[in-house]
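A.B. asks: With the first letter of the sequence shown counted as 1, position 505 gets the number 505 in full-length UniProt numbering; the numbers rise by one all the way through.
One structure coming up, written as structure tokens, with questions to follow.
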Amino acid sequence: MGYQEIYEGWRADPEGFWLRAAEAADWIRPPSRALDDSRAPIYGWFADGLCNVCHNAVDRHVAAGRGDQAAIIHDSPVTGAKTRITYAELLDQVSRLAGALAARGVTKGDRVVIYMPMVPEALVAMLACARIGAVHSVVFGGFAAPELAVRIDDAAPKAILLASRGVEPGRVVPYKPMVDAAIELAKVKPEFCLVFQRAPGDAALVEGRDEDWAEAVAAAEPAPCVPVGGMDPLYILYTSGTTGQPKGVVRPSAGYMVALLWTMPNVYDVKPGEVFWSASDVGWVVGHSYICYAPLLHGATTVVYEGKPVGTPDAGAFWRVIEEYGVVSFFTAPTALRAIKRDDPIGDRLRDYDTTSLRNLYLAGERADPDTVEWAGRLLGVPVIDNWWQTETGWPICANPVGIERLPVKLGSPTVPMPGYDVRILSSEGEPIAAGELGAVAIRLPLPPGTLSTLWNAEARFVKSYLTTFEGYYETGDAGIIDEDGYLHIMARTDDVINVAGHRLSTGAMEEVLASHPDVAECAVIGVADPLKGQLPMGFLCLNRGCARDHDEIVRECVKLVREKIGPVAAFKEAIVVDRLPKTRSGKILRAVMGRIADGQDYKAPATIDDPVILEEITESLSRIGYAKRAETT
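Okay, structure coming up:
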């Protein structure tokens with residue numbers, strides 16, 4: 001069957017669709033039904049089933065005789081380390097760490113915070129928690145102590161699993177002192193910490209609380225898998241909240257397992273035994289879903305990469321990994337490709353490597369501008385496929401299901417909704433909007449398996465944040481259109497739609513135009529306050545490396561481009577050239593923060609910001625042209 005037949009089949013019988021999908025997993029007790037709607041608008045999936053996600057990700061592949069296959073490839077250009085871990089080796093490491101946790105009193109439902117860099121032990125820690133039914137909460141290694149303390153207080157973990165240090169290009173980041181400081185700040189204290197010691201040197205352990213990871217694991221008895229209920233939490237993943245208080249997204253076990261198993265062959269076109277690489281971080285939802293769980297559930301080999309798209313050592317780093325390990329499907333963020341394009345616009349570094357193993361390149365994390373998509377497709381000679389989803393959903397809302405049917409790619413669109421997602425475009429009053437018109441992107445309830453069930457200890461906040469704006473719908477917070485072919489186009493976050501003299505305009509559409517300029521490597525558009533028109537757009541331009549042209553001339557050309565492509569209604573008259581844009585560690589541009597700076601308002605730098613110094617650079621650039629006169633960092 002093609003995509004349309006499968007999607008319509010889901011619409012006609014969602015219960016049957018997901019029960020059939022659930023047959024791909026091993027169950028301790030199979031569910032008798034898929035959907036539990038007894039507490040609508042809060043829904044559950046596979047509630048009466050019993051399963052274990054770790055068993056499905058590790059044990060069953062060893063039992064099937066594939067223990068010698070590589071499960072994890074660790075490639076660390078920042079340290080020079082390269083490691084392969086087979087499924088049999090992974091089973092031993094995971095079951096022993098699970099045994100060490102169990103011996104120290106961690107049981108089903110207890111929370112465990114994981115604070116690790118991109119090393120295999122991060123995945124081992126996640127799976128060990130899943131093995132004994134503990135709920136893990138991964139926090140970025142390197143997160144500041146106050147932000148980590150907030151998460152400790154919210155999750156109330158029994159234990160913290162951490163590495164002594166992380167390694168970034170040109171520097172070592174001591175993790176242990178940050179965890180010590182966070183525990184000191186937190187009201188809730190963990191009972192113990194296991195410290196994975198990374199060379200060079202060992203971090204000092206706090207007597208009576210800290211233990212050496214390697215010693216604890218070596219002395220532990222392997223722990224068996226514990227049965228967990230379908231709606232029992234697998235993990236809590238914190239995402240930024242508009243109030244400054246992070247939101248703990250709760251991911252139930254069974255629905256997540258079933259949804260991820262469905263996506264690997266159908267969305268990402270990967271077979272068991274093949275190499276799948278997601279160049280993300282375990283701290284992000286992409287890292288949870290497509291570095292750790294989905295590839296291992298499917299019996300593929302996953303790559304854990306501890307490096308950058310450029311600078312470790314150069315703009316050929318990604319191509320080297322694809323060649324060396326025979327990667328068939330590669331998943332990264334548009335911002336990573338833009339960084340490579342900026343350093344190597346004609347693709348000289350790609351010529352050094354054979355990337356013919358690659359079948360598809362997937363993008364997510366931020367809107368994929370057509371210029372970057374075309375550039376990557378031209379260089380690599382493979383389809384470049386955008387997909388759109390969120391921390392809350394855990395897997396793609398819209399994608400091109402190449403494992404079912406390769407649909408025509410439309411630049412700027414993540415293609416079509418996946419089964420389970422009934423996507424609509426609504427007006428501010430909640431009424432459906434005609435094809436091609438800009439509105440709020442919402443998903444008709446219930447959300448499918450694998451999506452969030454609630455927010456940790458905050459069910460009322462969950463309902464208020466997502467389910468009250470449009471009755472019967474999940475509010476995505478994104479704005480977009482659905483065209484006459486049913487393709488979704490995400491144009492901006494709802495907050496990024498600006499109002500110019502009564503016209504609602506997408507900053508994303510303007511960014512598309514600016515990115516098409518041959519000298520522009522990356523860009524952003526924000527709305528700034530204007531006493532006459534309410535708001536006016538302002539562009540920020542990052543130029544290709546080595547571009548020696550006059551900046552004022554490039555700005556004039558960009559202003560002219562927007563006027564030609566979008567029209568005078570956009571009132572686009574101002575842009576500035578900057579060296580870099582402020583982003584989160586996942587590559588999302590901090591447009592809202594930039595807007596507050598431009599308007600002279602106080603702002604709070606999010607905990608996930610990649611480099612806070614960039615905000616000072618933006619403030620200085622805006623100040624030179626008369627903006628940002630009152631802004632202060634909080």
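Every residue, glycine too, gets a C-beta built ideally from N, C-alpha and C.
Treat the numbers as computed from the prediction; the structure is a model and nothing was measured.
1) For residue 41, collect the residues of the same chain with a Cβ closer than 6 Å to its Cβ; drop the 5 residues on either side in sequence, then sort them by chain order.
2) So residue 257 and residue 51 are supposed to be a Cβ contact under 8 Å. How far apart are they, rounded?
3) Report back the beta-carbon spacing between residue 305 and residue 339 to the nearest angstrom; my notes put them in contact at under 8 Å.
4) Who are the Cβ neighbours of residue 513 in its own chain at under 7 Å, not counting the five residues just before and after it?
5) Three or more C-beta pairs under 8 Å: does that hold for the region 605 to 619 against the region 577 to 586?
6) Using 8 Å as the threshold, is the region 480 to 495 in touch with the region 458 to 466, meaning 3 or more CB pairs across them?
7) For a test of your reading of the model: does the CB of residue 343 fall under 7 Å from any non-hydrogen atom of the ligand FMN? Yes or no.
8) Express the C-alpha separation of residue 507 and residue 118 in angstroms, rounding to a whole number.
9) So residue 591 and residue 524 are in contact, right, with Cβ under 8 Å, and what is the actual spacing, rounded?
10) If you follow the beta strand (DSSP E) that residue 360 is in, where does it begin and where does it stop?
11) Should residue 242 go down as buried or exposed, given a rule of 16 or more other Cβ atoms within 10 Å for buried?
12) Which term fits residue 464, buried or exposed, when burial requires 16 or more other beta carbons within 10 angstroms of its beta carbon?
13) Just verifying my parser: in three-state terms, what is the DSSP assignment at residue 225?
14) Once the 5 residues before and after residue 98 are set aside, which same chain residues still bring their CB inside 6 Å of it?
15) Taking the straight line between their C-alpha atoms, what separation do you get for residue 10 and residue 20?
16) Assess contact between the region 408 to 428 and the region 280 to 293, defined as three or more Cβ pairs (one per stretch) separated by less than 8 Å. Is contact present?
17) Between residue 554 and residue 213, what straight-line distance do the alpha-carbon atoms span, to the nearest angstrom?
18) Would you mind reading off the limits of the alpha helix (DSSP H) that contains residue 327?
19) Can we say the region 292 to 306 touches the region 69 to 85, given the rule of at least three CB pairs closer than 8 Å?
20) By the DSSP assignment, the beta strand (DSSP E) with residue 490 in it spans what residues?
21) If you draw a straight line from the alpha carbon of residue 190 to that of residue 202, how long is it in whole angstroms?
22) Whole angstroms are fine: how far does the CA of residue 44 sit from the CA of residue 487?
23) With a floor of 3 residues, list each beta strand (DSSP E) that falls wholly inside the region 8 to 84, ordered by position along the chain.
24) Quick one: what does DSSP say residue 539 is sitting in, helix, strand or coil?
25) Please look up how many angstroms separate the CB atoms of residue 88 and residue 105, rounded, as I've assumed it's under 8 Å.
26) Residues in its own chain within less than 8 Å of residue 26 by CB, not counting five upstream and five downstream?
27) Name the residue from 78, 580 and 623 whose alpha carbon lies nearest to the alpha carbon of residue 343.
28) Going straight from the alpha carbon of residue 101 to that of residue 573, what length do you get?
29) Can you have a look at residue 252 and say buried or exposed, based on whether 16 or more other CB atoms are within 10 angstroms of its CB?
30) Could you compute how far the alpha carbon of residue 519 sits from the alpha carbon of residue 170?
31) Scan the region 166 to 214 and note each continuous alpha helix (DSSP H) run of 4 residues or more that stays entirely inside, going in chain order.
32) Could you name the residues of the same chain whose beta carbon sits closer than 6 Å to that of residue 315, not counting the 5 residues immediately before and after it, in chain order?
33) Would a C-beta distance cut-off of 8 Å place residue 635 and residue 239 closer than the cut-off?
34) For the region 264 to 279 against the region 289 to 298, are there 3 or more C-beta pairs whose distance is under 8 Å?
35) Spatial neighbours of residue 558 within its chain, please: C-beta separation below 6 Å, excluding the five flanking residues on both sides.
36) Measuring CB to CB, does residue 647 end up less than 8 Å from residue 438?
C.D. replies: For this structure:
1) 445 and 467
2) 7 Å
3) Not a contact, Cβ separation roughly 15 Å.
4) 561, 562, 565 and 566
5) yes
6) no
7) The ligand FMN is absent from the structure shown, which contains no ligands of any kind.
8) 34 Å
9) 6 Å
10) 360 to 363
11) Because the pLDDT at residue 242 is just 49, under 50, the model does not fix this residue reliably, and the point stays unresolved.
12) exposed
13) coil
14) 128, 131, 132 and 223
15) 11 Å
16) no
17) 55 Å
18) Where residue 327 is concerned, there is no enclosing alpha helix (DSSP H), although the beta strand (DSSP E) it sits in stretches over 327 to 332.
19) yes
20) 488 to 493
21) 21 Å
22) 28 Å
23) 35 to 39, 42 to 45 and 70 to 76
24) strand
25) With 8 Å as the limit, residue 88 and residue 105 do not qualify as a contact, their Cβ atoms being about 28 Å apart.
26) 51, 55, 56 and 60
27) 580
28) 60 Å
29) buried
30) 29 Å
31) 176 to 185
32) 340, 343, 344 and 349
33) Since the first residue shown for the chain is 1 and the last is 634, residue 635 is missing from the structure and cannot be characterised.
34) yes
35) 514, 517 and 575
36) Since the first residue shown for the chain is 1 and the last is 634, residue 647 is missing from the structure and cannot be characterised.
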